[in-house]
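Undergrad:
Residue numbers (my numbering), protein chains in the order written: chain C, 1 to 412; chain W, 413 to 588.
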């Protein structure tokens, strides 16, 4: 038998086919590196990425359509499931959108309580993102270690609203109940213990040679391109643009607080890590300021936890059982029989990933005529193929986690 | 000199005349309309002359009863330097929903326009890759249009009136 040597000229390709020089690689939809359900089709030349194409939509749940048939308060649980790493920010953003439409003015104390919750949520969001960047660079310990500090925050949520991850926290007009003493004790515990843990995470990663070599120069984006791609939040600030919704369009009395917007220079993974790291520290400072301001309220003001809006805020339970009017309002609100004013409103808050916007059109009915979520990571994920082009596969993985892509937010 | 809604409106009317109209400012955000052939010119003018260089959002709204203007494409723009936001709309007929794409000006418009196409069927002329993004490619309708209600049409125990929008789906229509 004649020995046939394997030579390129001996390989018979189908008629008309061109020999492919690159390899197609599927990163996702379910892959340990994607941290969520979305797909990247990479065209690889050895270890280098020639081009990338992203596919999203695997967990699309038609929230915008569903919202068109729900009264306002029933839409809050939908917003939970956008960026589920920081659901309270989404909840609050949605409540504030409703309050803007209904022209409800909130008492200062409620604003400060909201700020505490939102900043706690921002800390958990950034904490996950930063520790996961560590995981993708090979440091699993940090991620597991900081989870117990996220747990402290979740216990605070649990004390306020009963839920942990998808919180449905707060109501239109304020909170369902005042924060009890356990909340404040737990908050103090968190404020006390967390900075130390954050310092340890910094100590593990910030000047770690391996971590720096893996992240510096990985997935960079210029300020100009970042703006053109619609980046917001920490990823835009890492590119050097100091745009923060909390400062540009203050909501919930953020103008009363003193904090710094950290910015980076190169927009690479290391800068994104640093920006998030510093933002966590700023958030801690905001929480401390808010806690102090809350303690300064005296007399009846110190007990306020919601605005006086009987048409939208559920009456007290004991009144519902004993008073006719309260029962009627309770029923009307729960059945979604309250009309809202005609109007068109866009409200945005600084979410964990950037500008989270709610575009609400009301035709005077009981449900929104149209509700659109501006989801920051859906918009900036488009840039992924541009910023990973020409880089190594391992850089692409770490870029993906440092962009903090949350599938729930992307797909709505 | 800081930019205000009045100045933006004045500059736009100076440049476009009758082609920009219906100026309002609901909840403080300047809102106006322009014919759909004009959307790129307006975007370009706002980008070059008035510094609206950040595209916050692109989406669409369906008004089934407004004949000839069923679909509205809504743009939210932001001038980050002056910190002012505006919104403008172009209306289009649902049978010829062709609107020029903004992808040449803003990379961020790419997926947002794909999403708008996916849910409302707005055909963005000149878009580099106008495919469905959230729904499956085989889908042959545009699910966010108002003719597709969320609730199951065959249910008789639910009246739309409970939700504030007429009672013409479950009770009045003879489904069985």
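Positions of the beta carbon are idealized from the N, C-alpha and C atoms, including for glycine.
Owing to the predicted nature of the structure, the values given are computational and were not obtained by experimental measurement.
Let me know the secondary structure DSSP gives residue 257/C once reduced to three states.
TA: The answer is coil: DSSP assigns residue 257/C none of H, G, I, E or B.
Undergrad: Just to make sure I have the definition right: I need the residues of chain C whose C-beta is within less than 7 Å of the C-beta of residue 456/W. Which are they?
TA: The premise fails here: residue 456/W is roughly 14 Å from chain C at the closest Cβ pair, so nothing lies under 7 Å.
Undergrad: Curious, which full-length alpha helix (DSSP H) runs of at least 4 residues does the region 53-89 of chain C contain?
TA: The qualifying runs are 63-67 and 72-80.
Undergrad: Is residue 216/C helix, strand or coil when you go by DSSP?
TA: Residue 216/C: coil per DSSP, three-state reduction.
Undergrad: Are the region 369-385 of chain C and the region 449-460 of chain W touching by the rule of at least three beta carbon pairs closer than 8 Å?
TA: As far as the Cβ criterion goes, the region 369-385 of chain C does not touch the region 449-460 of chain W, which means the pair count is below three.
Undergrad: Helix, strand or coil: how does DSSP classify residue 396/C here?
TA: It is helical.
Undergrad: Of all Cβ atoms in chain C, is any one closer than 7 Å to the Cβ of residue 416/W?
TA: Judged by the 7 Å Cβ criterion, residue 416/W is not in contact with chain C.
Undergrad: Would you say the region 224-233 of chain C touches the region 379-397 of chain C, given that touching needs at least three Cβ pairs under 8 Å?
TA: Flag = yes, the region 224-233 of chain C and the region 379-397 of chain C touch.
Undergrad: What in chain C is Cβ-close to residue 469/W, meaning under 8 Å?
TA: Those within 8 Å of residue 469/W in chain C are 346, 357, 359, 372 and 374.
Undergrad: Determine whether the Cβ of residue 439/W lies closer than 7 Å to any Cβ atom of chain C.
TA: Chain C contact via Cβ: present.
Undergrad: Return the first residue and the last residue of the beta strand (DSSP E) that residue 165/C is part of.
TA: No beta strand (DSSP E) contains residue 165/C, which DSSP labels as neither H nor E.
Undergrad: Looking only at DSSP bridge pairs, what is residue 298/C linked to?
TA: None, per the DSSP bridge assignment.
Undergrad: For residue 40/C, count neighbouring C-beta atoms within 10 Å of its own C-beta (all shown protein chains included) and say buried if the count is 16 or more, exposed if not.
TA: So residue 40/C counts as buried.
Undergrad: Report the option in 303/C, 151/C and 270/C whose CA atom is closest to the CA atom of residue 163/C.
TA: Minimum Cα distance to residue 163/C is reached at 151/C.
Undergrad: With distances taken Cα to Cα, identify the nearest neighbour of residue 277/C among 62/C, 373/C and 129/C.
TA: Of the candidates 62/C, 373/C and 129/C, the one whose C-alpha sits nearest the C-alpha of residue 277/C is 129/C.
Undergrad: Could you say if the region 73-91 of chain C and the region 423-434 of chain W meet the contact criterion of at least three C-beta pairs nearer than 8 Å?
TA: These segments do not touch.
Undergrad: Quick one: list the residues of chain W neighbouring residue 411/C, beta-carbon separation under 8 Å, in chain order.
TA: Simply 546.
Undergrad: To the nearest angstrom, how far is it from the Cα of residue 61/C to the Cα of residue 440/W?
TA: Looking at the two C-alpha atoms, the distance is approximately 32 Å.
Undergrad: What are the partner residues of residue 377/C, as DSSP defines its beta bridges?
TA: Beta-bridge pairing links residue 377/C to no other residue.
Undergrad: Could you work out which residues of chain W lie near residue 379/C, taking near to mean beta carbons separated by less than 8 Å?
TA: Simply 520, 523 and 524.
Undergrad: Tell me where the beta strand (DSSP E) around residue 497/W begins and ends.
TA: That run of the beta strand (DSSP E) goes 496-504.
Undergrad: Would residue 484/W pass as a contact of residue 473/W if the rule is Cβ separation under 7 Å?
TA: It is a contact, given that the beta carbons lie within the stated cut-off.
Undergrad: Mind reading off the beta-carbon distance from residue 305/C to residue 180/C? Whole number of angstroms is fine, and I expect it under 8 Å.
TA: Contact flag wrong, Cβ pair sits at about 11 Å.
Undergrad: Here's the rule I'm using: 16 or more other beta-carbon atoms within 10 Å means buried, otherwise exposed. How should residue 585/W be labelled?
TA: Confidence at residue 585/W is low in this model, with a pLDDT of 46, below 50, so its placement is unreliable and the value that follows should be read with caution. Exposed: under 16 other Cβ atoms inside 10 Å.
Undergrad: Between residue 382/C and chain W, is the shortest Cβ-Cβ distance under 7 Å, so that the two count as touching?
TA: For residue 382/C, the answer is yes, since a Cβ of chain W falls inside 7 Å of its Cβ.
Undergrad: Say whether the region 98-107 of chain C touches the region 300-319 of chain C, bearing in mind that this needs 3 or more beta-carbon pairs closer than 8 Å, one atom from each stretch.
TA: They touch, by the three-pair rule.
Undergrad: Would you call the region 284-291 of chain C and the region 252-261 of chain C touching, i.e. three or more CB-CB distances under 8 Å?
TA: Enough Cβ pairs lie closer than 8 Å, so yes.
Undergrad: Does any residue of chain W bring its CB to less than 7 Å from the CB of residue 1/C?
TA: With a pLDDT of 49 at residue 1/C, under the threshold of 50, the modelled position of this residue cannot be trusted, and the question is left open.
Undergrad: Could you confirm whether any beta carbon from chain W is found closer than 7 Å to the beta carbon of residue 177/C?
TA: Chain W contact via Cβ: absent.
Undergrad: Show which residues of chain W have a CB atom less than 9 Å away from the CB atom of residue 228/C.
TA: By Cβ distance, chain W contributes 465, 466, 467, 517, 518, 519 and 520.
Undergrad: In terms of alpha-carbon separation, which member of 467/W, 543/W, 426/W and 444/W lies closest to residue 54/C?
TA: Of 467/W, 543/W, 426/W and 444/W, the residue nearest in Cα terms is 543/W.
Undergrad: With DSSP collapsed to three states, give me the class of residue 105/C.
TA: Coil.
Undergrad: Would you check whether the ligand GTP has a heavy atom nearer than 6 Å to the C-beta of residue 448/W?
TA: Of the ligands one can find in the structure shown there are none, so the ligand GTP has no counterpart to examine.
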